[in-house]
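Chains as they are written, first to last, in the working numbering: chain G, 1 to 297; chain F, 1001 to 1297; chain D, 2001 to 2297; chain L, 3001 to 3297. Okay, so here's the structure we're looking at.
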């Protein structure tokens, strides 16, 4: 049993915290939205009055926030930043998906305070968070990861150590960039087939066992009616939002520009998701990008 | 045991014919390259002196040729076309990957001669052809496919019936278009990760069990050294050639234009493979497209 | 004064024929739409009862048709093709924008009938056609062009001889492919500026005298209100239709594929115009492609 | 006659400073490269020992630096930043091409020191700088621009006021993004034409007076031999470097991402220039991007 400060109780953070509570840990929870805190209290957590209040007695600090600026603010803000308030023996785990450069900056600042920190963004979505089957993609020291492992296994199934600080973020972006492209091209392929009179379900079944198989053909098929439980079959609601994918592709583009890398398909996909957002679909599942190329979907 | 005419004994056709011979069928074989015929004779086939000579007594005619113009010439040529020479009871199976419009045209001409025909392009590559584990993607009448099935199972493991004449070609192109994009974006992702100091093997292993998983991460990884048996680990030799992918993406673009479809990622990938070809890599495995975006690969 | 058969009296053909009539030539005119013929008769032409009827006494045959298949049908149709009916001394000028391969095929067939032919697609739009300021982009023999020149100057201002048969079409496609990309990127640039609070008119005025200057900044600006006479300022009506640009970009893609060329920007633009068409803007001026990337336009 | 501090004497800054000296102004010059300072002294300037030394008595401060971080460091560095050292009556003109956000940040900081500042990036290249024919694209207060105008006219021909602080940078990026795409697609068009047997010079001449006309067809044609004075005709040396265009397209991408804008062609072009850089052509003129798509160029 660990004393865990859990900050950020959104769509992902809330079920992750719930799984930690189920595993028997003592959680002090904080979120800017009172209702999110209330829900976590119902699940067994103790409400903290502030992020600082949450961490002062913690063994483990876990954050799950929307973007780089929130993470930077949480830990490094001149007046309210957490680093001076976290106990020296505590371990810091940031599960947010943010810019690699920000992850490195925060980890370096944590080190100056004598704190061990890993970046541990996740893959698996809200369903994986609820089921406790997330994949953690970890950057930081191997020894720090070993300290974190007993906690991470309460929330996820797979843990990958991909390198030093920031590497977890880089790997997450590489995965999501590929995913964004794979989803969009699967939509292109299905739309092309349907335009030629093929049945999207039959075509998907074939592709799902052929060389074009992917999570997009098998799990989150973008064509309505192909997979009963996919967002596409319920009006593209739920799932991983178009604008979240857009954010990740933007982070990937920045990561590419920072090292002079070329990601022609990744950046084209970024623009496709941006156009889909502009068409009013930013809040739908990212598989709705198929709407750009398909009629009557 | 069927009497089979097998025309086209290239990298794919030769092992397919060998598997039919192993299954006990009587094959009359033809290819424009005498050495290819000789090799098939060693495997147990009987050399035909011409394509017409191959088909005159056949129950089954199978063709496996490089491109639309070869298939159109083989069956429809005014002087040497096969259709008038194939026995009326015979079944025609074209396994070539060609334009859907050509497949429909040849099947319609065959029907006018009273011949049943299916388009049955394959997925699985030379390895699948040798192992008899190809996937057949079939367009044509269901009853015709049922007649063909006992033969197809001697060469492949999966058989998909995706629609009427030409639908097999459409589905094959949809699959290969998605594959071409998936391969190229996997290369982009690995190159981006490596540029940030990540290990391509560790990154690939993570992606292979995450949402970006694909045949490109698991079977034919484009980064040298990640998978021992992938073309990338042997100088991109063997495998499915860059220029064959370029051909398929061109067919996909034509299929898109013929129906007013949009395939932005598919056409960008077409250009990437064209640029890779222009850089002198047309004969390498298509995973060599990673060379466009990676240093020292 | 020449006896001219003019076939195809659409948005472009009608004003071109009118200019020839103004210059004093005798025209026998034909179009599948009777109203188009009637209008040309009002302008001074003589109605022919068929295309064959139009050409039988002609010195010059001019065609201005929508697409490759129409031109191929007009000249080469087994029963109604014009070639056997055109007098041997006559000169054939096809002004349609079609596939280079079709242009070469028809010119070769014409040569077998002893007829001199050039492909002479135009640039300048309906405004240029009306004003007699078209640019002719000519493929064929130089001596044939010299025979055509006295006629062409009645319809246009510039005449470029770019090569042998089909070269006129290739050059036209090269120009229009670049134009399609330039228009779309000008839209991207203006939308980006406006998103940052700039005034589209001021930004356009700056670009129009800077290194990004183009016909899209100076003549057919895609942003409403920047240029009073541009289609964008009248709801994108009139001008050169989105679907005509889409057609030309498709021809450019086919021309690229036929020689293994790479046109990454050209093919991406093709898909942008295809998406704009799918969004219901196929009949608007092609500058409406800006709608894909701009809010409230 | 004004007392001008001129900081940054590179390929652009040196000839700009020379033109100010020719116009009779007194310049105190500074650059981190002593040889650059020496050359400016030969032209009539006075060497400053530091940037601070240059500005202490200045009426006008002009900076021309490579990138955002240099400008931010020059003015805002905690220990050596210029703002506290510039006389209150002085006018600050930054001619560097940098991120709009950085331009706004520096201008706001200047305002807190009571200093008037404009961002005035230029168009026209080293040739325009030498000839005194640059275009200035200005963001800031109109009254500040009027104070700057008498100085700017000594270095340039056109002055555009495009909006408030940062707007000059936005407009410059919009222009250069469009330019980068126009250059690359002009290369695609010429390569396509040449692949079909056309002469690049004849094709360029036609395009230069047609709807695809641009600075890339008329002034800096990317095909060797078409324009005698273009970089392409001297091995792509001189001109505007590929990696400078790559930098500007990166700034455009960041500007797009910061407001959720879509620039599909702009970002694809960014990747083309990145691939050209990776092929070893980063130091060549940006028109060398044609090498990606052209054989034997």
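Even for Gly, the Cβ is constructed at its ideal location relative to N, Cα and C.
Can you find the residues in the same chain that come closer than 7 Å, C-beta to C-beta, to residue 3281 of chain L, ignoring five residues on each side of it along the sequence?
Cβ neighbours of residue 3281 of chain L beyond the five flanking positions: 3242, 3288, 3291.
What are the partner residues of residue 3285 of chain L, as DSSP defines its beta bridges?
L:3241.
Are at least three pairs of beta-carbons, each pair with one atom in the segment 1047–1056 of chain F and one in the segment 1016–1026 of chain F, less than 8 Å apart?
no
Could you tell me whether the segment 3195–3202 of chain L touches the segment 3256–3268 of chain L, using the rule of 3 or more Cβ pairs below 8 Å?
no
What is the rounded straight-line gap between the Cα of residue 3248 of chain L and the Cα of residue 3098 of chain L?
8 Å
Contact between the segment 137–149 of chain G and the segment 1218–1232 of chain F: three or more CB pairs below 8 Å?
no
Would you please state the rounded distance, in angstroms, between the beta carbons of residue 1081 of chain F and residue 1117 of chain F? I believe it to be under 8 Å.
The C-beta separation of residue 1081 of chain F from residue 1117 of chain F comes to about 13 Å, leaving the pair out of contact by the 8 Å criterion.
So which residues on chain G does residue 3274 of chain L lean against when the C-beta distance must stay under 9 Å?
256, 257, 260, 261, 262, 263, 264
How long is the line joining the alpha carbons of residue 191 of chain G and residue 174 of chain G, rounded to whole angstroms?
26 Å
Residue 3173 of chain L at chain G interface by Cβ criterion, 9 Å:
False, the Cβ-Cβ gap to chain G never drops below 9 Å.
Listed by chain order, chain D residues near residue 1234 of chain F by CB distance under 9 Å:
What residue 1234 of chain F touches in chain D: nothing, since even the nearest Cβ is about 26 Å away.
How about residue 2179 of chain D and residue 2245 of chain D: are their beta carbons less than 9 Å apart?
Yes. Within cutoff.
I'd like to confirm the pairing. Which residues does DSSP put opposite residue 3292 of chain L in its beta bridges?
Its beta-bridge partners do not exist; DSSP assigns none.
Relative to the C-alpha of residue 129 of chain G, which residue among G:12, G:167, G:104, G:198 is closest?
G:12
Output the distance between the C-alpha atoms of residue 44 of chain G and residue 27 of chain G, rounded to the nearest integer angstrom.
Taking the straight line joining both Cα atoms gives about 8 Å.
Sequence ranges, beta strand (DSSP E) only - wholly within the segment 1024–1091 of chain F, length at least 3:
1026–1030, 1060–1063
Range of the contiguous alpha helix (DSSP H) that encloses residue 3149 of chain L:
Its alpha helix (DSSP H) spans residues 3142–3152.
Rounded to the nearest angstrom, what separates residue 3076 of chain L and residue 2207 of chain D at their Cα positions?
31 Å
Quick check: the Cα distance between residue 2212 of chain D and residue 263 of chain G, rounded to an integer number of angstroms?
Those two C-alpha atoms are separated by around 25 Å.
When burial is assigned at 16 or more other CB atoms within 10 Å of the CB, is residue 79 of chain G buried or exposed?
exposed
Count the other C-beta atoms from every protein chain shown that fall within 10 angstroms of the C-beta of residue 2102 of chain D, then say buried if there are 16 or more, exposed otherwise.
buried
Evaluate residue 295 of chain G with the Cβ neighbour count: other Cβ atoms within 10 Å of its Cβ, from every protein chain shown; 16 or more gives buried, anything less gives exposed.
exposed
Using a Cβ-Cβ distance under 9 Å, would residue 1268 of chain F count as near chain D?
yes
Tell me where the beta strand (DSSP E) around residue 1159 of chain F begins and ends.
1156–1163
Under the three-state reduction of DSSP, which class applies to residue 1013 of chain F: helix, strand or coil?
Judged by DSSP in its simplified three-state form, residue 1013 of chain F adopts helix.
Does any residue of chain D bring its CB to less than 9 Å from the CB of residue 3164 of chain L?
Residue 3164 of chain L counts as touching chain D.
Thinking residue 1037 of chain F and residue 1029 of chain F are a contact (beta carbons under 8 Å), I'd like their distance in whole angstroms, please.
6 Å
Residue 7 of chain G beta carbon less than 9 Å from that of residue 65 of chain G
yes
Buried or exposed (CB count within 10 angstroms, at least 16 for buried), residue 2032 of chain D:
Under a 10 Å Cβ-count criterion, residue 2032 of chain D is classified as exposed, with fewer than 16 other Cβ atoms of the shown protein chains found around its own Cβ.
Hey, does residue 2247 of chain D have any beta-carbon neighbour from chain G nearer than 9 Å?
no
Reference residue 1058 of chain F; option with closest CA among F:1068, F:1039, F:1093:
F:1093
Since residue 2292 of chain D meets chain G, which of its residues come closer than 7 Å, beta carbon to beta carbon?
275
What residue from F:1083, F:1132, F:1136, F:1137 has the CA that sits closest to residue 1112 of chain F's CA?
F:1083
Can you pull the chain F residues whose beta carbon is under 8 Å from the beta carbon of residue 160 of chain G, in chain order?
1202, 1205, 1206
Rounded to the nearest angstrom, what separates residue 1069 of chain F and residue 1187 of chain F at their Cα positions?
For residue 1069 of chain F and residue 1187 of chain F, the distance between alpha carbons rounds to 33 Å.
I want to see whether chain F comes within less than 9 Å of residue 63 of chain G, judged by CB atoms only; does it?
no
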